[in-house]
Amino acid sequence: MKKILQCGFLFWLLALQACDGFFDEKPNISLVVPQTLDDFQAILDGRPRAMNSTLSTGLLSSDDLILGPAILNQLAFSQVSSYFWREEFYLPDESDPNWFTCYRKVFHANLVIDGLRNYSPKTALELQRKTILEASAKFYRAQGHFESLSHYSPYSDFKTPNLMGIPIRLTSDLNVKVGRIAQEQALAQIIKDLEDGASLLPAKPEVPTRPSAWAAHAMLSRVHLYTKNYEKALFHAEKTLEIEDALMNYGEINPGPTYPFKIFNQEVIFYGELLSGRYALNTQTFVNPEIVRMYGNGDYRSSLFFRKSPVDSLVNFRGHYTGDYFVFGGLAVNEVVLNKAESAVRLGQTGKAREALNYLLSNRINPKNFSPINADSQSELLQKILSERRKELVFRGLRWLDLKRLNTEDETKVTMRRKYNPENSILPPGDPRYVIPIPPIEVDLNPLIKNP
């Protein structure tokens, strides 16, 4: 009985966090059960820290940034561990908000899917709305599971049998404990959920915080690029861009405001934010100088993305697609254009790859300085695309995923080093520390999710 009451309270607490107004009217915990389509929509429309939050671990672990000593002293132990790639990642009783974010999203999605099974539509319009809600929930479930897979599981070709993957939760019943399943099984479920979204959701969302076919295809392109399935990554990138491919002309954006980019700008396919923390607004969160030096003359990104820091002649990042200091963690057209370019060149379709890359750069570089890329060599064009991906998607939380897949190829391997701080660290390609450990406190609660 105690276990059931604990689970019931956790259900109420999680639901309350994600849905402010609906549960305020139901003080009796026994009545905290979604009943109408509006209730289910309210769960999926949870605050950004619920359904529209993504992991910050990858950003902190990547070579996008440098953290100064003042901010390091203010971060949680596991955040500092992320930054220095420590083997001892957590304090004994420390939880992980990133792990919690993945499965909080999955829980809410399953709550909607389970509830809709027992909902009988009264009209054709209700049936259509129910279908969209279920497809939306599957999108969120896939997103949460993929975030877990890309951070808490080793990188592989996703064909190796029985390689340890992640827990896949397909029920909101908190009494059901699940363990890690094989990577290829986890990936198959993620893709299935997203494909359902791509086929059943409306092409464009009512608001950018909700899923759509546009977002599902973009997410499928990201997933397939990560797993090196370039045919499908290209297919879904093109499907995304068929719906809408408009890029902002950076030359038309005023660099004067502190944060030049507007929230919900025309490139935003699906709005999301990385879990914020003290690092997001601190002047000692610097951009890696190696990236800053990559931008050429007339590149508008340099002035729109960066501002001078008062510390050590370094720069801070300000180019978030959130309208403020929150780090954008959603899906955007510029990422998909780069997915298309990279997938195409890896498949030998150099003309298509050049076209995509030049479309991006023509909207990023002053026309007086822009010369279209004419490289015919597949390897030369690939390196150019990867360089532009590095410059375009800085501070998006995507670099960690790129490093994991690029480190499997001799031509693109990267050894990361932390040299700015007294605690120097090195992370070679393919190191086991590329797998974020699940916190011991979670493993103690469910031994089925043990770490590798």
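Numbering (mature numbering (1 follows the signal peptide of the UniProt record, and there is no 0)), first residue to last: -18 to -1, 1 to 434.
C-beta: ideal position from N, C-alpha, C; glycine also.
Separation of N345 from P354, as counted between CA atoms
Sequence index remark: in the sequence shown, residue 354 carries index 372 (1-based). Sequence index remark: in the sequence shown, residue 345 carries index 363 (1-based). Near 12 Å, if we compare the C-alpha coordinates of N345 and P354.
Does the distance from the CB of P197 to the CB of I163 come in under 9 Å?
As a position in the sequence shown, residue 197 is number 215, starting the count at 1. As a position in the sequence shown, residue 163 is number 181, starting the count at 1. Checking the sequence, you will find Ala at residue 197 rather than Pro. No, they are not a contact pair.
Looking only at C-alpha atoms, which of S132, L342, R99 sits nearest to E370?
By 1-based counting over the sequence shown, the position of residue 370 is 388. The shortest Cα separation from E370 among S132, L342, R99 belongs to L342.
Just mark residue 510 as buried or exposed, buried being the case when its beta carbon has 16 or more other beta carbons within 10 Å.
The requested residue 510 does not occur in the structure, where the chain is confined to residues -18 to 434.
Unbroken stretches of the alpha helix (DSSP H), 4 residues or longer, contained in the segment 15 to 81:
Complete alpha helix (DSSP H) runs here, min 4: 19 to 26, 39 to 43, 51 to 54, 59 to 66.
Looking at C-alpha atoms only, which residue of Y241, D306, F299 is the closest neighbour of E255?
Indexing the sequence shown from 1 puts residue 255 at position 273. When only C-alpha atoms are compared, the closest one is D306.
In chain order, what residues of the same chain have a beta carbon less than 8 Å from the beta carbon of N356, not counting five sequence neighbours either side?
Residue mapping note: residue 356 aligns to position 374 of the sequence shown, counting from 1. The residues R336, in chain order, have a CB closer than 8 Å to that of N356 in the same chain once the five nearest residues on each side in sequence are set aside.
Whole-angstrom C-beta distance between D45 and R381, which should lie under 8 Å
Counting from 1 along the sequence shown, the entry for residue 381 is found at position 399. Counting from 1 along the sequence shown, the entry for residue 45 is found at position 63. Confirmed, about 7 Å.
With DSSP run on the structure shown, which of helix, strand or coil describes M230?
For this step, residue 230 is matched to residue 248 along the sequence shown. Reduced to three states, the DSSP call for M230 is coil.
Would you grab the beta carbon distance between I225 and A185 for me? Rounded to a whole angstrom, and I think it's under 8 Å.
Position 243 of the sequence shown, counted from the start, is the residue given in the question as residue 225. Position 203 of the sequence shown, counted from the start, is the residue given in the question as residue 185. Going by Cβ atoms, the distance from I225 to A185 rounds to 5 Å, so yes, they are a contact pair.
Per-residue DSSP class, three states only, for R192:
Here residue 192 refers to the residue found at position 210 when the sequence shown is read from its first residue. Of the three classes helix, strand and coil, the one that applies to R192 here is coil, per DSSP.
Let me know the alpha helix (DSSP H) ranges lying completely inside the segment 378 to 413, each 4 residues or longer, listed in chain order.
381 to 388
Ignore the nearest five residues each way along the sequence and tell me which others in I408's own chain have a CB closer than 6 Å to its CB.
Against the sequence shown, residue 408 aligns to sequence position 426. The answer, listed in chain order, is R399.
Rank P149, H90, Q23 by C-alpha distance to the C-alpha of E108 and give the top, closest one.
Here residue 108 is taken as the residue at index 126 of the sequence shown, counted from 1. Considering only alpha carbons, the answer is Q23.
With a floor of 4 residues, list each alpha helix (DSSP H) that falls wholly inside the segment 72 to 129, ordered by position along the chain.
79 to 99
Of all Cβ atoms in chain D, is any one closer than 9 Å to the Cβ of D306?
No chain D is present in this structure, which holds just one protein chain.
Taking three-plus beta-carbon pairs below 8 Å as touching, is the segment 317 to 324 in contact with the segment 78 to 95?
no
If contacts are defined as beta-carbon pairs under 8 Å, then N298 and V269 qualify, I think. What distance do you get, rounded to the angstrom?
Start at 1 with the first residue of the sequence shown, and residue 298 comes out as number 316. Start at 1 with the first residue of the sequence shown, and residue 269 comes out as number 287. About 7 Å separates the beta carbon of N298 from that of V269, a gap short enough to meet the 8 Å contact definition.
Report the residue from T394, P193, V293 whose alpha carbon sits nearest the alpha carbon of T113.
Here the question's residue 113 lines up with position 131 in the sequence shown. Among T394, P193, V293, the Cα nearest to that of T113 belongs to P193.
For F252, the first and last residue of its enclosing beta strand (DSSP E):
The residue you call residue 252 lines up with position 270 of the sequence shown. Per DSSP, F252 belongs to the beta strand (DSSP E) from 250 to 252.
Beta-carbon contacts of S118 that lie in its chain and below 6 Å, excluding the five residues immediately before and after
The residue labelled residue 118 in the question sits at position 136 within the sequence shown. Excluding positions up to five away in sequence, the list reads L26, P193.
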